[in-house]
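Peer 1:
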Amino acid sequence: MSDDSIKLPSYLDHPPEVAAYFAEVEKRKVVLSIEHLGREFEGAGAPLVALSDVNFKVRQREFISVIGPSGCGKSTLIRIVAGLEEPSSGIVAVDGVPVTGPGADRGMVFQNYTLFPWLTVRKNVLFGPKMKGLRDDKATQAADEWLKLVGLSDFSELYPSQLSGGMKQRVAIARALANDPRILLMDEPFGALDAQTRASMQTHLLRIWHAADVTVLFITHDLEEAIYLSDRIVVLGARPGRILEIIDVPVPRPRSLEQFLSGHFLATKKRLEELIHRCDSPLDEASELEHVG
Amino acid sequence: MSSPSKVASGVTGEPLGRLLGVRKPLSARARFWVGVLAFALPFLSWCAVSYVPFIWHPQVLVSNAGNTNIPGEYSYVAEGDRIDLDVFVMRNRELSAAHAALAQGVRVNPIYLQAPHEVARAMYTAFTTPPERAGDAWLHESLLQSCKVIFWGFLWSALFGVPLGVLCGTFPFFARLFEPFVDFVRYMPAPVFGALMVTMLGLADEPKIAIIFIGTFFQMVLIVSNTTRAVDASLLHAAQTLGANKWQLVWHVVVPGALPGLYRDMRILIGWAWTYLVVAELIGEKSGLSAFIYQQQRYRHFDNVYAAIVIIGVVGLCIDQLLAFLARYLFPWETGQTGLVRMMRAMRRAMPQRALVRT
Numbered sequence: 001m002s003d004d005s006i007k008l009p010s011y012l013d014h015p016p017e018v019a020a021y022f023a024e025v026e027k028r029k030v031v032l033s034i035e036h037l038g039r040e041f042e043g044a045g046a047p048l049v050a051l052s053d054v055n056f057k058v059r060q061r062e063f064i065s066v067i068g069p070s071g072c073g074k075s076t077l078i079r080i081v082a083g084l085e086e087p088s089s090g091i092v093a094v095d096g097v098p099v100t101g102p103g104a105d106r107g108m109v110f111q112n113y114t115l116f117p118w119l120t121v122r123k124n125v126l127f128g129p130k131m132k133g134l135r136d137d138k139a140t141q142a143a144d145e146w147l148k149l150v151g152l153s154d155f156s157e158l159y160p161s162q163l164s165g166g167m168k169q170r171v172a173i174a175r176a177l178a179n180d181p182r183i184l185l186m187d188e189p190f191g192a193l194d195a196q197t198r199a200s201m202q203t204h205l206l207r208i209w210h211a212a213d214v215t216v217l218f219i220t221h222d223l224e225e226a227i228y229l230s231d232r233i234v235v236l237g238a239r240p241g242r243i244l245e246i247i248d249v250p251v252p253r254p255r256s257l258e259q260f261l262s263g264h265f266l267a268t269k270k271r272l273e274e275l276i277h278r279c280d281s282p283l284d285e286a287s288e289l290e291h292v293g
Numbered sequence: 294m295s296s297p298s299k300v301a302s303g304v305t306g307e308p309l310g311r312l313l314g315v316r317k318p319l320s321a322r323a324r325f326w327v328g329v330l331a332f333a334l335p336f337l338s339w340c341a342v343s344y345v346p347f348i349w350h351p352q353v354l355v356s357n358a359g360n361t362n363i364p365g366e367y368s369y370v371a372e373g374d375r376i377d378l379d380v381f382v383m384r385n386r387e388l389s390a391a392h393a394a395l396a397q398g399v400r401v402n403p404i405y406l407q408a409p410h411e412v413a414r415a416m417y418t419a420f421t422t423p424p425e426r427a428g429d430a431w432l433h434e435s436l437l438q439s440c441k442v443i444f445w446g447f448l449w450s451a452l453f454g455v456p457l458g459v460l461c462g463t464f465p466f467f468a469r470l471f472e473p474f475v476d477f478v479r480y481m482p483a484p485v486f487g488a489l490m491v492t493m494l495g496l497a498d499e500p501k502i503a504i505i506f507i508g509t510f511f512q513m514v515l516i517v518s519n520t521t522r523a524v525d526a527s528l529l530h531a532a533q534t535l536g537a538n539k540w541q542l543v544w545h546v547v548v549p550g551a552l553p554g555l556y557r558d559m560r561i562l563i564g565w566a567w568t569y570l571v572v573a574e575l576i577g578e579k580s581g582l583s584a585f586i587y588q589q590q591r592y593r594h595f596d597n598v599y600a601a602i603v604i605i606g607v608v609g610l611c612i613d614q615l616l617a618f619l620a621r622y623l624f625p626w627e628t629g630q631t632g633l634v635r636m637m638r639a640m641r642r643a644m645p646q647r648a649l650v651r652t
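If you're matching them up, the sequences are chains Z and H in order. Position one of the first sequence corresponds to residue 1 (my numbering), numbered consecutively onward. Position one of the second sequence corresponds to residue 294 (my numbering), numbered consecutively onward.
#1: Taking DSSP as the reference, what is the three-state secondary structure of residue 221/Z?
#2: Determine, for residue 102/Z, whether the minimum Cβ-Cβ distance to residues of chain H falls below 8 Å.
#3: Quick check on residue 36/Z: does DSSP put it in helix, strand or coil?
#4: Using 8 Å as the threshold, is the C-beta distance between residue 447/H and residue 505/H below it?
#5: Tell me which residues of the segment 532-559 of chain H have at least one Cβ-Cβ distance to chain Z shorter than 9 Å, keeping chain order.
#6: Once DSSP output is grouped into helix, strand and coil, what is the label at residue 247/Z?
#7: Once DSSP output is grouped into helix, strand and coil, what is the label at residue 70/Z?
#8: DSSP beta-bridge partners for residue 476/H?
#9: By how many angstroms is the C-alpha of residue 246/Z removed from the C-alpha of residue 533/H?
#10: Can you list, in chain order, the residues of its chain with a C-beta nearer than 8 Å to that of residue 170/Z? Leave out the 5 residues immediately preceding and following it.
#11: Can you find a CB in chain H that lies within less than 8 Å of the CB of residue 161/Z?
#12: Within its chain, find whatever has a CB closer than 6 Å to the CB of residue 223/Z; leave out the 5 residues flanking it on each side and keep chain order.
#13: Kindly confirm or deny that the segment 239-259 of chain Z and the segment 81-101 of chain Z touch, where touching means at least three C-beta pairs closer than 8 Å.
#14: Look at the alpha carbon of residue 342/H and the alpha carbon of residue 309/H, and state the distance between them as a whole number of angstroms.
#15: From residue 364/H to residue 393/H, what distance separates their C-alpha atoms?
#16: Given a cut-off of 8 Å, decide if residue 275/Z and residue 74/Z are closer than it, judged by their beta-carbon atoms.
#17: Taking 8 Å as the threshold (beta carbon to beta carbon), is residue 132/Z in contact with chain H?
#18: Under the three-state reduction of DSSP, which class applies to residue 287/Z: helix, strand or coil?
#19: Using a Cβ distance threshold of 8 Å, determine whether the segment 540-559 of chain H contacts the segment 112-119 of chain Z, with at least three qualifying pairs required.
#20: With residue 90/Z and residue 32/Z assumed to form a contact (beta carbons below 8 Å), what rounded beta-carbon distance in angstroms separates them?
#21: On a CA-only basis, which of 371/H, 600/H, 493/H and 462/H is nearest residue 409/H? Give me that one, please.
#22: Going by DSSP, name the residue or residues bridged to residue 187/Z.
#23: Could you confirm whether any beta carbon from chain Z is found closer than 8 Å to the beta carbon of residue 528/H?
#24: Kindly say whether residue 149/Z, judged by its beta-carbon, lies nearer than 8 Å to any beta-carbon of chain H.
#25: Between 229/Z, 225/Z and 194/Z, which has its C-alpha nearest residue 210/Z's C-alpha?
#26: Report yes or no: do three or more beta-carbon pairs, one from the segment 413-424 of chain H and one from the segment 349-356 of chain H, lie closer than 8 Å?
#27: Can you list, in chain order, the residues of its chain with a C-beta nearer than 7 Å to that of residue 389/H? Leave out the 5 residues immediately preceding and following it.
#28: Given 8 Å as the limit, is there contact between the segment 363-383 of chain H and the segment 428-437 of chain H, that is, 3 or more CB pairs closer than that?
#29: Only counting the same chain, and skipping five residues up and downstream in sequence, which positions put a Cβ closer than 6 Å to that of residue 460/H?
#30: Under 8 Å: do the segment 38-52 of chain Z and the segment 171-179 of chain Z share three or more Cβ pairs, one atom per stretch?
#31: Just to confirm before moving on: does the CB-CB distance between residue 39/Z and residue 88/Z stay below 8 Å?
#32: Name the residue from 159/Z, 58/Z and 14/Z whose alpha carbon lies nearest to the alpha carbon of residue 27/Z.
#33: For residue 454/H, tell me which candidate among 472/H, 437/H and 439/H has the shortest Cα-Cα distance.
#34: Is residue 106/Z buried or exposed, if buried means 16 or more other CB atoms sit within 10 Å of its CB?
#35: Can you check DSSP and say which residues form a bridge with residue 486/H?
#36: For the segment 602-613 of chain H against the segment 628-642 of chain H, are there 3 or more C-beta pairs whose distance is under 8 Å?
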């Protein structure tokens with residue numbers, strides 16, 4: 001930014017309503033706690049440190065984003081929380097109970113949709129309840145409620161292959177939520193969507209988050225997306241993946257698209273850019289190549 | 294290459310260019326006619342070789358041997374013989390040198406190349422008139438017998454091969470436990486077990502079914518296990534985050550995920566079963582189409598041999614097309630053919646207690 005740019009407030013200045021909001025959040029129960037989390041991969045020679053000493057807590061109904069350059073281990077982090085990968089050190093606990101593997105208490109939405117192609121939209125949403133052995137009629141009603149919430153009531157009998165990318169991802173969200181998880185994990189869920197679909201999906205997600213009692217851990221590399229959606233943003237640096245800063249987003253709720261040009265929004269974005277670009281060395285092209293899956 | 298605007302304006306400058314586009318799908322009409330051509334071309338070539346005299350016809354069917362009292366190197370030529378053209382020419386030289394009556398005949402193809410109409414007639418008579426020798430099998434009996442052997446051989450093979458393959462594709466433990474040995478046995482040609490099977494199982498259908506089993510089972514385990522492994526791992530992850538336990542993963546994700554691929558595998562493998570049939574039926578007491586072919590060949594009734602071969606092809610093609618047709622309705626999520634699903638849904642809706650759930 002040059003000197004003659006508009007004067008931005010500090011991203012640390014919270015408007016009173018935001019300060020009150022965070023004070024209220026502080027009183028809530030901790031749903032997810034991550035303590036001294038580390039993950040190393042066996043590399044050629046020295047082990048590759050993907051995550052090092054990551055600590056943070058997520059409280060009930062909070063919306064937390066994790067952001068960072070590629071190769072910072074954000075996907076590894078969420079997969080460890082989901083129980084799909086094991087940490088090398090440290091503890092992930094949900095409601096105080098350490099995570100030992102995947103479970104229905106941590107619903108996940110993946111970047112590549114992962115809907116079951118052989119099931120209709122409604123049956124996809126019913127998958128979790130069915131695994132729990134819930135009765136058909138009641139579960140079907142609940143599933144239809146979720147489909148209504150994501151705006152896909154009319155598509156419940158279609159197969160995933162007949163849906164657009166944005167619709168598929170809405171089904172994936174409904175499917176995860178229908179299982180009544182303690183926390184919803186989202187691994188770059190809108191990364192494969194075009195810009196317009198992406199924007200509408202973000203607004204959609206906020207609506208769902210408001211309507212449902214759900215805690216969200218959201219992985220993204222899109223700065224504006226993180227600010228628009230989150231209460232707090234965990235910024236990871238690359239190699240080793242570690243927390244650079246946890247930013248309490250000073251943009252008041254309810255969020256709207258006009259806020260993208262507000263001082264608080266821009267100040268936060270500027271700060272994020274500083275943090276991310278600090279670890280953006282030219283060498284990072286190598287890490288792009290390493291970052292597989 | 295024609296420019297897009299040209300194509301859009303309907304200028305059909307290069308019909309051949311459109312037919313031979315790199316990875317360019319054919320239009321529905323072109324697909325149909327090229328498919329017809331696939332069978333018409335070999336058939337027309339067969340007709341040409343059979344009916345156009347100058348294309349091949351290397352032999353002569355002697356209708357009149359001429360003066361058979363004239364001695365000579367080729368004096369063995371007799372009426373009704375099929376002899377090579379040069380032999381016929383040499384004999385007539387001998388005869389003309391002696392100023393005797395010449396041999397006469399028509400140019401024909403060798404006995405092993407029968408004309409289409411002869412094969413068609415053979416097929417018709419094989420189904421309509423009793424076999425030459427009492428006790429011999431009718432063609433349709435042979436066909437049924439063959440189908441029976443294939444059916445049981447393939448059924449047993451699938452009954453064991455599919456579950457074992459799915460197990461190997463799901464659990465690396467079982468893959469490591471079974472696949473190396475299966476891989477080892479798979480290289481042994483099934484017919485080498487023929488003598489063993491006859492000793493163990495007798496002369497009737499059992500050893501034949503066993504050969505088909507051996508021929509398809511070991512391949513099937515490996516193919517099924519590979520298809521099972523190809524199920525997208527991220528679907529397994531998604532199911533796990535939805536609370537599926539180990540057996541629910543297998544039953545609700547791995548199996549339905551692999552099913553369309555397994556179905557395709559079975560279509561290919563059933564073709565392999567037919568190739569093993571021919572060897573299988575000749576061990577022990579010969580039976581089925583192979584026995585029919587074997588016997589007709591000994592009588593030198595090559596029209597019947599062709600008839601039987603064509604029937605194997607037709608039956609195979611029919612089975613494959615039937616399976617392909619069914620697949621469209623069995624796996625509506627791949628083909629968009631939801632007719633069967635919609636029908637079942639409508640039937641379910643017609644039942645009163647389900648009507649409440651749907652609103």
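All C-beta atoms, glycine included, are put in the ideal place defined by N, C-alpha and C. Computed from a predicted structure; not experimentally measured.
Peer 2: Quick answer:
#1: Here residue 221/Z corresponds to residue number 221 of the first sequence, with the count starting at 1. Three-state result, residue 221/Z: coil.
#2: The residue given as residue 102/Z occupies position 102 in the first sequence. Judged by the 8 Å Cβ criterion, residue 102/Z is in contact with chain H.
#3: As a working note, residue 36/Z is residue 36 in the first sequence. In the structure shown, residue 36/Z sits in a strand (DSSP, three-state: E or B).
#4: Walking along the second sequence from the start, residue 447/H turns up at place 154. Walking along the second sequence from the start, residue 505/H turns up at place 212. Cβ atoms of residue 447/H and residue 505/H: closer than 8 Å.
#5: 532, 533, 534, 535, 536, 537, 538, 541, 545, 546, 549, 550, 552 and 553
#6: The sequence position of residue 247/Z within the first sequence is 247, counting from 1. In this structure, residue 247/Z counts as strand in the three-state DSSP scheme.
#7: As a working note, residue 70/Z is residue 70 in the first sequence. Note: residue 70/Z maps to coil in three-state DSSP.
#8: Stepping through the second sequence from its first residue, residue 476/H is reached at position 183. Partner(s): none; residue 476/H has no beta bridge.
#9: Within the second sequence, residue 533/H is the residue found at index 240, counting from 1. Within the first sequence, residue 246/Z is the residue found at index 246, counting from 1. Each residue's alpha carbon lies about 30 Å from the other.
#10: In the first sequence, counting from the first residue as 1, residue 170/Z sits at position 170. So the qualifying residues of the chain are 150, 151, 152, 201 and 204.
#11: Numbered from its first residue, the first sequence carries residue 161/Z at position 161. Residue 161/Z counts as touching chain H.
#12: Start at 1 with the first residue of the first sequence, and residue 223/Z comes out as number 223. Answer for residue 223/Z: 269 and 272, listed in chain order.
#13: Under the 8 Å Cβ criterion, the segment 239-259 of chain Z does not count as touching the segment 81-101 of chain Z, having fewer than three qualifying pairs.
#14: Numbered from 1 along the second sequence, position 49 holds the residue referred to as residue 342/H. Numbered from 1 along the second sequence, position 16 holds the residue referred to as residue 309/H. C-alpha separation (whole angstroms): 28 Å.
#15: Sequence index remark: in the second sequence, residue 364/H carries index 71 (1-based). Sequence index remark: in the second sequence, residue 393/H carries index 100 (1-based). When rounded, the distance between both Cα atoms is 11 Å.
#16: Indexing the first sequence from 1 puts residue 74/Z at position 74. Indexing the first sequence from 1 puts residue 275/Z at position 275. Going by C-beta atoms, residue 74/Z is not nearer than 8 Å to residue 275/Z.
#17: The count along the first sequence starts at 1 and reaches residue 132/Z at position 132. So yes, residue 132/Z belongs to the interface.
#18: To locate residue 287/Z, count along the first sequence from 1; it is residue 287. A caution first: residue 287/Z carries a pLDDT of 49, below 50, which makes its placement in the model unreliable, though a value can still be read off. Here residue 287/Z sits in helix by DSSP.
#19: yes
#20: The residue labelled residue 90/Z in the question sits at position 90 within the first sequence. The residue labelled residue 32/Z in the question sits at position 32 within the first sequence. About 13 Å; that fails the 8 Å criterion.
#21: Residue mapping note: residue 409/H aligns to position 116 of the second sequence, counting from 1. For residue 409/H, the nearest C-alpha among the options comes from 600/H.
#22: As a working note, residue 187/Z is residue 187 in the first sequence. In DSSP, residue 187/Z forms a bridge with 219/Z.
#23: What you label residue 528/H is simply residue 235 of the second sequence in a count that begins at 1. Closer than 8 Å: yes.
#24: As a first step, residue 149/Z is located in the first sequence; it is residue number 149 there, counting from the start. When Cβ-Cβ separations below 8 Å define contact, residue 149/Z makes no contact with chain H.
#25: Locating residue 210/Z in the first sequence gives position 210, where the first residue counts as 1. With distances taken between Cα atoms, residue 210/Z lies closest to 229/Z.
#26: no
#27: As a first step, residue 389/H must be located in the second sequence, where it is residue number 96. The residues are 395.
#28: no
#29: Residue mapping note: residue 460/H aligns to position 167 of the second sequence, counting from 1. Same-chain partners within the cutoff: 467.
#30: no
#31: Position 39 of the first sequence, counted from the start, is the residue given in the question as residue 39/Z. Position 88 of the first sequence, counted from the start, is the residue given in the question as residue 88/Z. Against a cut-off of 8 Å, the Cβ pair of residue 88/Z and residue 39/Z comes out as a contact.
#32: Here residue 27/Z corresponds to residue number 27 of the first sequence, with the count starting at 1. Ranking 159/Z, 58/Z and 14/Z by Cα distance to residue 27/Z puts 58/Z first.
#33: As a working mapping, residue 454/H is identified with position 161 in the second sequence. Taking only the C-alpha atoms, the option nearest residue 454/H is 472/H.
#34: Working through the first sequence from its first residue, we reach residue 106/Z at position 106. By the neighbour-count rule (16 or more Cβ atoms within 10 Å), residue 106/Z is buried.
#35: Locating residue 486/H in the second sequence gives position 193, counting from the first residue. Paired residue(s): none; residue 486/H is not in a bridge.
#36: Result no; under three Cβ-Cβ pairs closer than 8 Å.
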